[in-house]
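Numbering (the working numbering), first residue to last: 159 to 443.
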Ligand SMILES: C[S@@+](CC[C@H](N)C(=O)[O-])C[C@H]1O[C@@H](n2cnc3c(N)ncnc32)[C@H](O)[C@@H]1O
């Protein structure tokens with residue numbers, strides 16, 4: 159049992175923690191997140207045998223290694239996700255990719271790129287791969303890759319393993335559940351042919367992005383919800399630049415593009431299509 163009053167979080171320390179997380183990850187912590195901060199960071203204080211939050215922040219600001227700084231971010235992200243979350247997005251994706259495949263006939267054109275930005279423990283990119291391979295087995299012969307990124311290195315490691323408790327299948331149809339393999343000891347595994355389509359990489363959306371795109375579709379769902387309005391607009395605007403014209407952006411059910419909406423048209427519930435360059439120019443005129 160841990161004592162909830164083991165460490166006291168002074169207002170000044172909460173502010174410094176908030177500021178640090180905002181500066182590093184763009185994440186805005188509301189006052190309501192005080193208890194979460196205490197619970198998550200107390201574990202680190204205990205492990206490091208530090209007496210107070212003040213001592214921890216002092217450590218972060220002076221002698222922390224990159225790995226200590228990463229532990230701070232990992233502790234404060236929220237990673238809730240599941241297979242086929244907001245399933246209408248995957249239905250839309252399957253039909254969009256089907257139409258797109260009709261237009262890409264030559265070997266050189268048979269290329270498909272999808273990005274799951276803020277992929278957490280991997281259920282989102284694996285759902286993309288499972289849905290598309292089940293609908294279009296010929297994609298195995300395409301140059302088809304899914305990039306899956308997250309700022310939190312611990313979730314990226316779990317995602318790359320591709321192994322989950324069987325309880326992850328709860329609520330899925332028998333048809334979808336059959337797409338996984340049994341891994342023993344109450345666990346399931348994403349089949350190797352599916353997992354090989356997905357590359358997991360750590361990436362902070364606040365940093366420059368090393369990839370050029372263009373992507374045919376981007377999922378950035380339930381990530382910007384933790385950012386303030388200005389940061390949301392900037393991130394969605396950048397996503398519009400790296401999407402292929404006509405490509406789709408899928409966002410979370412409670413999110414909107416805000417000031418990043420200029421390059422998009424709304425085509426479905428939380429589904430946006432990137433406008434072509436000429437459309438953007440016409441809109442701006
Ligand atoms: C609630 S999960 C969403 C997972 C998945 N997209 C879904 O909708 O089920 C939010 C994820 O965003 C990640 N995240 C938060 N800030 C980020 C940032 N600045 N750059 C990249 N990922 C970030 C978190 O680490 C977390 O795994």
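Glycine included, each C-beta is placed from N, C-alpha and C at the ideal position.
Grouping DSSP H, G and I as helix and E and B as strand, with all else coil, what is residue i?
i: residue 336; result: coil
i: residue 420; result: coil
i: residue 386; result: coil
i: residue 322; result: strand
i: residue 195; result: helix
i: residue 409; result: strand
i: residue 214; result: helix
i: residue 270; result: strand
i: residue 224; result: helix
i: residue 305; result: strand
i: residue 376; result: strand
i: residue 357; result: strand
i: residue 404; result: strand
i: residue 425; result: strand
i: residue 284; result: helix
i: residue 346; result: strand
i: residue 294; result: coil
Keeping to the same chain, check which residues put their C-beta closer than 6 angstroms to that of residue i; ignore five residues upstream and five downstream.
i: residue 273; result: 305, 373 and 376
i: residue 416; result: 387, 390 and 391
i: residue 381; result: 276
i: residue 208; result: 214
i: residue 235; result: 310
i: residue 364; result: 184
i: residue 371; result: 400
i: residue 402; result: 372 and 374
Distance check for residue j and residue i, CA to CA, integer angstroms please.
i: residue 432; j: residue 261; result: 18 angstroms
i: residue 428; j: residue 248; result: 12 angstroms
i: residue 174; j: residue 395; result: 29 angstroms
i: residue 224; j: residue 324; result: 35 angstroms
i: residue 411; j: residue 244; result: 8 angstroms
i: residue 296; j: residue 169; result: 57 angstroms
i: residue 426; j: residue 255; result: 16 angstroms
i: residue 302; j: residue 348; result: 17 angstroms
i: residue 369; j: residue 163; result: 45 angstroms
i: residue 340; j: residue 241; result: 16 angstroms
i: residue 253; j: residue 171; result: 50 angstroms
i: residue 177; j: residue 237; result: 20 angstroms
i: residue 383; j: residue 310; result: 16 angstroms
i: residue 204; j: residue 298; result: 48 angstroms
i: residue 190; j: residue 179; result: 15 angstroms
i: residue 206; j: residue 357; result: 33 angstroms
i: residue 404; j: residue 434; result: 7 angstroms
i: residue 441; j: residue 367; result: 27 angstroms
i: residue 293; j: residue 258; result: 13 angstroms
i: residue 448; j: residue 195; result: Outside the displayed span of the chain (159 to 443) sits residue 448, for which this structure offers no information.
i: residue 218; j: residue 337; result: 44 angstroms
i: residue 193; j: residue 167; result: 9 angstroms
i: residue 184; j: residue 231; result: 11 angstroms
i: residue 186; j: residue 300; result: 40 angstroms
i: residue 436; j: residue 328; result: 46 angstroms
i: residue 280; j: residue 350; result: 14 angstroms
i: residue 322; j: residue 362; result: 25 angstroms
i: residue 317; j: residue 326; result: 13 angstroms
i: residue 188; j: residue 393; result: 20 angstroms
i: residue 222; j: residue 182; result: 14 angstroms
i: residue 355; j: residue 226; result: 31 angstroms
i: residue 264; j: residue 409; result: 32 angstroms
Among the residues of its own chain, which have a CB less than 8 angstroms from the CB of residue i, if the five just before and after it don't count?
i: residue 397; result: 275, 376, 378, 407 and 418
i: residue 282; result: 239, 243, 274, 306, 377 and 379
i: residue 233; result: 198, 199, 201 and 202
i: residue 438; result: 420 and 421
i: residue 359; result: 305, 306, 307 and 314
In its own chain, which residues sit with a C-beta less than 7 angstroms from the C-beta of residue i, not counting the 5 before and 5 after it?
i: residue 353; result: 320
i: residue 424; result: 430
i: residue 135; result: With the chain covering only 159 through 443, there is no way to say anything about residue 135.
i: residue 228; result: 311
| Inter-stretch contact at 8 angstroms, needing at least 3 Cβ pairs: the region 293–309 / the region 334–346 | No, they do not touch.
| Counting Cβ pairs, one atom from each stretch, are 3 or more of them under 8 angstroms apart for the region 326–333 and the region 381–395? | No: fewer than three Cβ pairs fall under 8 angstroms.
| said: With three or more C-beta pairs closer than 8 angstroms as the rule, is the region 251–270 touching the region 213–229? | reply: At 8 angstroms Cβ cutoff, the stretches do not touch.
| Within the chosen definition, does the region 278–290 reach the region 238–248 through at least 3 CB pairs nearer than 8 angstroms? | A contact exists between the region 278–290 and the region 238–248.
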